[in-house]
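Protein chains: 4
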Amino acid sequence: MSEPLAKLQSTAPGVHTAADYLSFAQPRLTAETWHYLEGGSGSGMAMQANRHALDAARIITRPLADVRGGSTKLKLFGQQFEHPLLLAPIAYQRLFHHQGEAASAMAANAQCGQMVVSSLASQTLESIIEAAGQALWFQLYWQGDRQRTLQLAKRAIAAGYGAILFTVDAPVKQAVMQLPEDVSAVNLEQPALPLPALHAGQSSVFDGWMVQAPDWDDLAWLRDEISLPLLVKGVLHADDAEKIINAGCDGLVVSNHGGRVLDGVPGSLEMLPKIVQRVSAKATILFDSGIRNGQDAFKALALGADAVMIGRPYIWGLAASGALGVAHVIRLMRDELEMTMALAGTKDLPAIRAGKCIFK
Amino acid sequence: MSEPLAKLQSTAPGVHTAADYLSFAQPRLTAETWHYLEGGSGSGMAMQANRHALDAARIITRPLADVRGGSTKLKLFGQQFEHPLLLAPIAYQRLFHHQGEAASAMAANAQCGQMVVSSLASQTLESIIEAAGQALWFQLYWQGDRQRTLQLAKRAIAAGYGAILFTVDAPVKQAVMQLPEDVSAVNLEQPALPLPALHAGQSSVFDGWMVQAPDWDDLAWLRDEISLPLLVKGVLHADDAEKIINAGCDGLVVSNHGGRVLDGVPGSLEMLPKIVQRVSAKATILFDSGIRNGQDAFKALALGADAVMIGRPYIWGLAASGALGVAHVIRLMRDELEMTMALAGTKDLPAIRAGKCIFK
Amino acid sequence: MSEPLAKLQSTAPGVHTAADYLSFAQPRLTAETWHYLEGGSGSGMAMQANRHALDAARIITRPLADVRGGSTKLKLFGQQFEHPLLLAPIAYQRLFHHQGEAASAMAANAQCGQMVVSSLASQTLESIIEAAGQALWFQLYWQGDRQRTLQLAKRAIAAGYGAILFTVDAPVKQAVMQLPEDVSAVNLEQPALPLPALHAGQSSVFDGWMVQAPDWDDLAWLRDEISLPLLVKGVLHADDAEKIINAGCDGLVVSNHGGRVLDGVPGSLEMLPKIVQRVSAKATILFDSGIRNGQDAFKALALGADAVMIGRPYIWGLAASGALGVAHVIRLMRDELEMTMALAGTKDLPAIRAGKCIFK
Amino acid sequence: MSEPLAKLQSTAPGVHTAADYLSFAQPRLTAETWHYLEGGSGSGMAMQANRHALDAARIITRPLADVRGGSTKLKLFGQQFEHPLLLAPIAYQRLFHHQGEAASAMAANAQCGQMVVSSLASQTLESIIEAAGQALWFQLYWQGDRQRTLQLAKRAIAAGYGAILFTVDAPVKQAVMQLPEDVSAVNLEQPALPLPALHAGQSSVFDGWMVQAPDWDDLAWLRDEISLPLLVKGVLHADDAEKIINAGCDGLVVSNHGGRVLDGVPGSLEMLPKIVQRVSAKATILFDSGIRNGQDAFKALALGADAVMIGRPYIWGLAASGALGVAHVIRLMRDELEMTMALAGTKDLPAIRAGKCIFK
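Chain order of the listed sequences is A, B, C and D.
If you count the first sequence from 1, position 211 lands on 279 in this note's numbering, and the numbers rise without skipping.
If you count the second sequence from 1, position 261 lands on 329 in this note's numbering, and the numbers rise without skipping.
If you count the third sequence from 1, position 331 lands on 399 in this note's numbering, and the numbers rise without skipping.
If you count the fourth sequence from 1, position 104 lands on 172 in this note's numbering, and the numbers rise without skipping.
So, in structure tokens, the structure goes:
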């Protein structure tokens with residue numbers, strides 16, 4: 069299957085941008101699933117903040133540059149990719165298509181990119197990597213204690229995953245939709261670690277959920293246990309970014325979790341420049357939150373990200389057309405990124421950041 | 069009744085935030101009462117300014133902090149509270165539920181918080197405190213002259229109220245709706261002090277209403293007369309804040325009266341930082357105006373308030389479900405506040421203010 | 069008739085603010101007349117700019133000030149007024165009510181204020197001043213040449229008008245509606261000075277209308293000819309303000325002509341502070357454009373205007389109820405201004421400007 | 069035909085501004101053609117940015133200036149024009165009216181202005197200039213290589229075109245509508261230069277289209293080949309502007325291509341001041357993008373442009389009434405520009421730029 073996925077140029081009539089898949093995806097999903105996918109926390113201000121921050125950064129075109137032979141290639145942790153558009157970890161992908169995470173992973177690798185598989189994947193880590201035929205990256209949620217967390221990470225490493233993205237910005241389990249019977253987090257130990265019993269007057273937050281959340285000591289411990297590249301996902305404050313890199317991590321993901329955790333956070337792009345200024349010399353910085361097209365990706369790269377993650381858009385492709393849809397979404401965004409780079413006179417990723425082409 | 073109110077976690081189906089009570093409350097009230105509750109002065113710009121100011125302050129999440137055992141506890145004037153969410157003084161609560169202020173007070177104390185009972189309460193001060201089973205705070209309106217004002221304050225003190233919040237930003241009686249026959253300000257001396265007769269050419273404002281308004285001398289006099297904690301409610305200018313504290317008051321409430329007095333005032337949150345900078349070292353600063361959820365409360369606390377007041381939202385709960393509704397609103401906001409604190413890496417109220425987690 | 073006009077408190081049921089007259093006025097006027105009254109130039113951006121500028125200035129309330137005995141009194145050019153709310157010159161008032169300018173003038177004087185009668189009044193200058201029973205002010209349009217202009221000014225002076233406001237921001241005759249047969253500019257010499265014949269290639273603007281527009285030399289000449297107080301109306305640039313005062317004028321009106329001349333001008337309030345800073349020590353500064361209520365008036369006064377002009381709102385009152393409507397609009401705005409002053413702790417007009425109560 | 073076009077004052081009832089032609093034009097065009105004309109790239113942000121930038125610049129009126137005898141005259145490259153409103157190059161004008169580019173060119177010259185004829189004109193360059201009866205300017209697209217490009221430019225020069233505007237901001241052929249059989253780019257060599265064949269892994273952007281895009285070396289070469297005035301169209305960055313002038317070009321056009329190329333670019337007017345500051349001493353600067361009326365033109369001139377280009381509005385006139393419509397659009401905008409100049413106290417184009425009449 070990787071052959072058509074790799075050569076894919078255009079499969080769906082009337083689809084010219086990733087956003088065009090939205091209208092194909094929605095009718096294929098239940099209302100509840102659609103809401104689960106599209107919703108942000110609270111009144112949606114955090115999602116809007118992502119959009120506004122991306123719209124506010126504008127691109128100054130730079131004609132007449134010689135960009136022949138340019139490319140979107142990059143190397144991350146020794147691995148060569150054709151483009152900087154990673155698939156973000158999204159849970160329970162069998163909600164959206166019966167092929168689930170396997171389809172997304174096949175598409176990512178066929179398009180010479182990378183997927184980060186969620187701890188909450190609805191297929192086994194082993195079967196996903198087998199479908200992909202290549203190493204993938206793994207998104208790790210803290211499992212309530214060190215032993216369970218390490219067990220999950222080691223399973224991923226044993227299965228051949230090549231980097232660990234440790235998500236820290238959603239320590240409290242979010243309310244999710246009622247999952248169908250045949251969709252579950254099949255890679256997690258069951259039952260989950262029970263929450264501590266609360267005494268009268270104790271807080272379900274501070275004495276309950278947060279007891280099972282990771283802290284800086286846990287991060288240091290995890291760093292020691294894991295020899296693969298380790299990135300922390302969910303960073304918005306430059307002080308935290310610096311502390312993470314000082315803890316020996318290889319990188320981080322600037323993200324507000326797609327506006328799904330706390331309403332009222334800033335747009336992720338607003339926080340990117342300070343973090344870049346502080347740690348980009350010594351760390352790999354990924355950007356996640358609100359990327360909808362190649363121009364958005366260009367903006368994040370221009371402001372200092374090494375690569376970006378796309379989230380909901382590839383799920384639109386998955387829901388609409390399975391692996392082919394995901395591959396097409398990646399291809400469309402890459403084409404837009406290339407076109408934007410050409411118009412901005414930047415022939416490779418370092419040139420994007422070096423170019424003086426962002427106007428705010 | 070305090071047992072179920074205290075243990076309350078969730079009573080109403082479909083209610084996940086305080087705002088969800090709005091749609092339960094509205095059909096239970098007459099259109100006139102609803103308009104009286106929800107309306108702001110003029111074209112509503114002051115209410116919008118409150119909302120915009122709160123939305124403009126955004127919260128940077130700070131993961132990986134150890135917040136185990138955290139809490140929202142605080143001590144105000146020697147009294148211990150479990151959380152900083154005070155019930156604001158709202159008049160004529162029997163308009164909204166037959167249990168009136170008594171229900172709100174029971175809920176506040178059952179949730180280990182505090183209520184400020186209005187001078188315009190529709191039940192006797194004594195009966196409200198009896199229903200609550202604990203000390204409450206009293207909101208004092210100037211009664212046109214010193215004698216009547218002191219008489220009202222002394223009645224509250226005699227009934228066991230533990231602090232006086234003296235409201236100064238609404239010196240002119242606002243046009244209110246036509247009250248039903250069985251709802252009135254039962255604690256005020258009747259008839260009210262008559263307005264001075266006006267000579268030709270005199271102003272109903274400067275020579276009428278404002279003759280019965282308190283001034284700085286009256287505040288100094290009141291401070292001398294009252295040994296309880298005395299706070300001034302309705303402060304927006306830092307110069308006034310300083311003058312109030314220099315007059316010996318214990319604190320103040322930064323408030324634009326929920327946007328109900330003068331259209332075209334700034335959002336209260338815009339004025340908070342300057343006031344905090346000027347007087348927070350020597351005074352208790354409460355914040356009131358526009359708080360709708362726990363994130364809003366967090367923002368006011370982060371900008372230097374010691375505690376916040378909630379207004380319309382608890383009346384939504386009162387109208388929908390009486391004391392249980394009020395208790396649930398408090399609980400929901402406290403849960404949201406705790407969750408926000410956890411996500412911002414702040415385990416107690418001092419940490420909120422110390423944390424660098426507000427982005428504007 | 070001046071008795072009921074002077075004592076007027078409230079005549080129309082449901083009318084609580086000047087804006088409430090709008091819905092009474094509109095059905096009494098033809099669509100064409102209404103459009104003529106309400107319309108701004110172009111797409112209405114200049115009118116919006118006036119509104120936005122006023123809304124953006126917000127008032128910090130200052131409680132506890134002693135404002136007993138306060139007032140809105142002021143003296144302008146030796147004449148005492150009870151309030152600073154002047155009626156702006158509006159043309160052809162018999163379009164709006166059969167009593168025309170006479171009704172407005174009666175109302176202005178009965179409310180102890182002042183009206184500026186337009187050069188384009190639809191009643192004779194003499195009859196208007198007779199109806200008013202007091203001196204009025206006269207708005208002078210340039211009549212194409214000095215002789216005609218002086219003749220018109222001298223007629224007004226002879227009729228007893230006490231000040232001249234020379235409008236300079238509308239040198240080109242605006243397209244107006246087709247006037248009914250019985251409404252015309254009865255005070256102007258007929259026929260009007262013919263526009264110069266244009267040669268091929270000449271501009272109807274530069275070689276036509278503008279040949280009949282006044283320039284700085286004309287202003288200097290007019291200043292010499294007129295011994296009454298002379299103000300220039302339609303000033304937005306501080307350099308022009310300075311030049312006008314240096315030319316010996318007594319004051320000026322900061323105005324964008326209610327957004328009726330050039331779309332895309334700034335809101336008048338945006339230009340006020342610089343002009344105040346430049347010339348207020350030596351000149352009387354009136355503010356005109358967009359005032360809709362007493363808070364708006366307060367804002368302009370706080371930013372340095374000596375008095376303000378109201379325009380469309382008094383025409384709403386005129387259309388709805390003749391002189392009584394105009395008087396009521398003035399009274400309502402004055403009440404709002406007094407209330408705003410009281411809430412801002414300012415007991416007279418100098419205190420408004422001195423108070424630190426504007427937040428931008 | 070040039071006689072009525074030159075003397076034209078007003079032909080269409082109800083048309084008072086160029087925008088009024090829009091509603092006459094739309095019903096005369098197919099939906100597809102209308103969408104092709106009006107659409108911007110992507111979600112239209114770039115078009116909105118043009119509008120917002122123009123609206124944000126506001127004009128301070130400057131009364132009392134003596135502007136008699138003023139004019140909008142200017143000289144560009146030795147040629148005298150009556151006004152600075154050039155017709156922008158727009159492709160395939162026979163889509164909009166059967167008279168096509170010839171009609172626009174006649175109108176431009178009859179109104180003593182200038183038209184820039186597109187490389188994608190739907191009539192022969194020779195027939196257009198013949199219809200116009202005067203020299204026109206020619207917009208040059210790169211034709212994939214030097215030989216083809218030079219051949220096209222030389223044909224224009226031979227036909228009598230007097231200046232070359234070399235468009236560089238749209239190197240990649242935009243998706244256009246399906247053209248009717250009888251409309252095509254008749255001046256281009258057919259077939260077009262084929263795109264290079266791509267090897268596996270090559271990019272259709274970097275190894276395809278951009279191989280046929282011009283670069284700085286090509287510009288230098290073109291400058292050497294062309295002795296006519298040469299301007300570069302599509303400049304947004306001051307560094308590029310400087311490089312262009314240093315390459316010996318005579319001027320440039322600040323433009324984002326009417327928002328048709330890359331969504332997310334800044335409004336062209338936002339970029340104008342920096343470019344003016346950098347190169348206006350040694351170059352002719354034209355402004356293009358979003359001009360809809362005479363005030364817009366005034367703003368661009370005030371910010372330093374020597375002349376402006378109008379695009380879609382003249383096509384509205386063309387679609388509605390052929391050459392008469394185009395001539396009327398030009399006349400309306402010129403009248404608005406003259407009126408704006410008069411109100412701003414500026415009697416000629418140098419005065420516009422020198423005047424301190426823009427408020428941002």
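All C-beta atoms in this analysis are idealised placements derived from N, C-alpha and C, irrespective of residue type, glycine included.
Bear in mind that the values here come from a model prediction, so they are computed numbers and not experimental data.
When you compare the CB of residue i with every CB in chain C, is at least one pair closer than 9 Å?
i, result
"D:Gly-82", "no"
Output, in chain order, the set of chain B residues within a Cβ distance shorter than 8 Å of residue i.
i, result
"C:Lys-415", "Phe-274"
The beta strand (DSSP E) spanning residue i covers which residue range?
i, result
"B:Thr-235", "231 to 235"
"D:Ile-353", "352 to 356"
Going along chain C, which residues have a C-beta under 9 Å from residue i?
i, result
"D:Arg-130", "Leu-304, His-305, Asp-307 and Asp-308"
For residue i, decide whether its Cβ has a neighbour in chain B, counting only Cβ atoms nearer than 9 Å.
i, result
"C:Met-69", "Note on C:Met-69: pLDDT 40, under 50, position unreliable in the model; no value is reported."
"C:Leu-142", "no"
"A:Trp-102", "no"
"A:Met-377", "no"
"C:Glu-150", "yes"
Go to residue i, then tell me how far its alpha helix (DSSP H) extends in each direction, as first and last residue.
i, result
"A:Lys-301", "Careful: A:Lys-301 lies outside any alpha helix (DSSP H), inside the beta strand (DSSP E) at 298 to 303."
"C:Tyr-382", "380 to 411"
"B:Gly-319", "It is not in any alpha helix (DSSP H) - B:Gly-319 instead sits in the beta strand (DSSP E) that spans 319 to 322."
"C:Trp-205", "C:Trp-205 -> not in any alpha helix (DSSP H); beta strand (DSSP E) instead, spanning 205 to 209."
"C:Val-344", "336 to 347"
"D:Pro-418", "417 to 422"
"D:Phe-92", "90 to 93"
"D:Phe-274", "Where D:Phe-274 is concerned, there is no enclosing alpha helix (DSSP H), given that its DSSP letter is neither H nor E."
"B:Arg-291", "284 to 293"
"B:Leu-218", "214 to 227"
Taking the alpha carbon of residue i as the point to measure from, which residue in the options has its own alpha carbon closest?
i, options, result
"C:Leu-233", "C:Ala-268, C:Ser-252 and C:Gln-182", "C:Gln-182"
"B:Thr-352", "B:Val-333, B:Leu-90 and B:Ile-312", "B:Ile-312"
"D:Gly-390", "D:Asp-134, D:Gly-228, D:Gln-148 and D:Arg-162", "D:Arg-162"
"D:Arg-96", "D:Lys-141, D:Phe-164, D:Pro-152 and D:Leu-298", "D:Phe-164"
Going along chain D, which residues have a C-beta under 8 Å from residue i?
i, result
"C:Trp-284", "Leu-132, Ala-133 and Asp-134"
Less than 9 Å between CB atoms is the rule here; does residue i satisfy it with respect to chain A?
i, result
"B:Gln-179", "no"
Whose Cβ in chain B lies nearer than 9 Å to the Cβ of residue i?
i, result
"C:Arg-126", "Met-113, Ala-114, Ala-117, Gly-332, Val-333, Pro-334, Gly-335 and Glu-338"
Given that residue i touches chain D, what residues does it touch there, using C-beta distances under 9 Å?
i, result
"C:Leu-369", "Chain D residues near C:Leu-369: none, gap ~23 Å exceeds 9 Å."
For residue i, return the contacting residues in chain A, with the cut-off set at a CB-CB distance below 8 Å.
i, result
"D:Met-278", "Val-135, Arg-136, Gly-138 and Ala-410"
"D:Leu-287", "Leu-132"
Output, in chain order, the set of chain B residues within a Cβ distance shorter than 7 Å of residue i.
i, result
"C:Glu-406", "Ser-271, Val-273 and Phe-274"
So with CB distances below 7 Å, who are the chain D contacts of residue i?
i, result
"A:Asp-123", "Met-113"
Using a Cβ cut-off of 8 Å, pull out every chain C residue sitting near residue i, in sequence order please.
i, result
"D:Gln-363", "Gly-110, Leu-330, Asp-331 and Gly-332"
Subject >> Those runs of the alpha helix (DSSP H) which lie wholly inside the stretch 112 to 172 of chain A and span at least 4 residues >> reply: 113 to 124
Subject >> In chain order, each beta strand (DSSP E) run of at least 3 residues that lies wholly inside the stretch 179 to 205 of chain D >> reply: The stretch 179 to 205 of chain D contains no complete beta strand (DSSP E) run of 3 or more residues.
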